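Step one of this worksheet: look at the structure below.
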Amino acid sequence: MSHPVSLACYGELQDCACPREALEHGLRRPGDLVGYRDEWRRVLDRARAGDWQAVMNREADVNLVLPPEGTSWERWAEWVDLRLTEVAADPSTVAPLPLHRSSSLVREGLVDPEEGETVRAVLGDVLLPEIAGRRDYLVLEAPRDIGVSRHLDRGTGRVSEVPTRRIGVVLEHRDGVRVVGVHAADAVPLVDVEDVRRRWPVLAAALGGWFNDALLVGEESAWSQQVLMLEQETDERLDLLATEITDLLTLHDADVHAVVASAGCYVEPVHLRLWLQWMAWRIGYFDWK
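Here it is in structure tokens:
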């Protein structure tokens, strides 16, 4: 039988937005959950007696140099044991993910190549602000349309396209503030961006700065961008992010999505609420430095 950890396909290009989602998909497959738990405990016993990474690579099919979560193989493997124990005792605790995966990317913004000079002129007229974290995100407005924003309707499969004059700008602080990405932003935000930044300043900076359209190249990027965020933002800032995520999730699903999209985040899985919950959980449970 294929173990849920093996089914997670760690280390391979896949379409999950984070490692927790990958494991939960593995847990949804039909199988003997008690048997999976017991098999994992045998792997743990061998890992405790030897080289954690070697045992995880060889016997758990985790083809990675670093663990899927955090920096400690032991911490991650012990957590997997806790998770398997939980679902073996109560299978209803398996995350309610859709049986068939769908892309978490349903929007994109394309700058018209002929408007490149317009975009550069707008950027040249702006004094870049100081930013508190490693990354941030701002939206500028051009005097005319500079591209299009596209949106895929998951229900119909149709793609709509709207001209836009708004420019999404990704900022990074590393020996000064610099622009590391530019894209055509949504023509009209779902909610006022300034309102979002006032209530959730760290969340807005993180979601726009790390999960924007300019840097999400391919399905695996949501996974890798989150790891980079967890490694590079300070622990203090990540703690604030987790707190703001908790506050955001007090809203209804439609409002949560509106805030996330308006912040400049282009990762929009069907299970958006779970993705955010898992982000806050990863911050608090694992060491990333």
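No gaps in the numbering here: position 288 of the sequence shown is 288 in the UniProt record's numbering, and each next residue is one more. Glycine is no exception: its CB is placed at the ideal position from the N, C-alpha and C atoms. On a predicted model such as this, the values are computed, not experimentally measured, just so you know.
Item                                                                                                                            : Value
Close Cβ partners of A17 (< 8 Å) along its chain, the five nearest in sequence each way excluded                                : S104, A222, W223, Q226, V267, P269 and W275
C-alpha distance - A280 paired with L228, whole-angstrom precision                                                              : 15 Å
Opening and closing residue of the alpha helix (DSSP H) in which P163 lies                                                      : It is not in any alpha helix (DSSP H) - P163 instead sits in the beta strand (DSSP E) that spans V159 to T164.
Sequence-distant residues of its chain with Cβ nearer than 8 Å to W52 (five each side left out)                                 : W73, E74 and A77
Start-end ranges of the alpha helix (DSSP H) lying completely within the region 76–101, minimum 4 residues                      : none
Identity of the residue in D32, S6, H252 and L240 nearest E59 by Cα                                                             : S6
Length of the line joining the Cα atoms of R42 and G31                                                                          : 18 Å
Start and end residues, beta strand (DSSP E) containing residue 299                                                             : It is not possible to answer for residue 299, since the shown part of the chain is limited to 1 through 289.
Cα-Cα separation between H257 and L240, rounded to whole angstroms                                                              : 20 Å
6 Å CB neighbourhood of D136 in its chain, flanking five on each side removed                                                   : L171, A205 and G209
C-alpha distance - L44 paired with P67, whole-angstrom precision                                                                : 14 Å
CA-to-CA distance, P129 to R178, given in whole angstroms                                                                       : 10 Å
Option in P143, G133 and T156 with minimal Cα separation from R174                                                              : G133
Contacts around S102, its chain only, beta-carbon distance under 7 Å, and the 5 residues preceding and following it disregarded : R154 and V270
Cβ-Cβ distance between S149 and D192 below 8 Å                                                                                  : no
Neighbourhood of V122 by C-beta, 7 Å cutoff - its chain only, sequence neighbours within 5 removed                              : L140, A142 and I167
Assigned exposure category for H25 - 16 Cβ within 10 Å defines buried                                                           : buried
Presumed contact (8 Å Cβ cut-off) between G284 and A254, rounded CB distance                                                    : Incorrect: roughly 27 Å between the Cβ atoms, too far for contact.
Reference D90, options I146, F211, P163 and R28, closest by Cα                                                                  : R28
As assigned by DSSP and simplified to three states, the class of I131                                                           : coil
Simplified DSSP state of R120, which is helix, strand or coil                                                                   : helix
Given R83 as reference, the closest of L230, V159 and Y36 once Cα atoms are compared                                            : Y36
Backbone secondary structure at Y137 - three-state DSSP                                                                         : strand
Cβ-based neighbour list, V119, same chain, cut-off 8 Å, excluding 5 preceding and 5 following                                   : V111, A142, I146, I167 and V182
Whole-angstrom C-beta distance between W288 and E231, which should lie under 8 Å                                                : 5 Å
E21 classed as buried or exposed, judged by whether at least 16 other C-beta atoms fall within 10 angstroms                     : buried
Buried versus exposed call for D213 [16 or more other C-beta atoms within 10 Å across all chains shown]                         : buried
Contact check, L215 vs E244, beta carbons under 8 Å                                                                             : no
Cβ neighbours of Y10 in the same chain (closer than 6 Å, five flanking residues each side left out)                             : V62, L64 and P68
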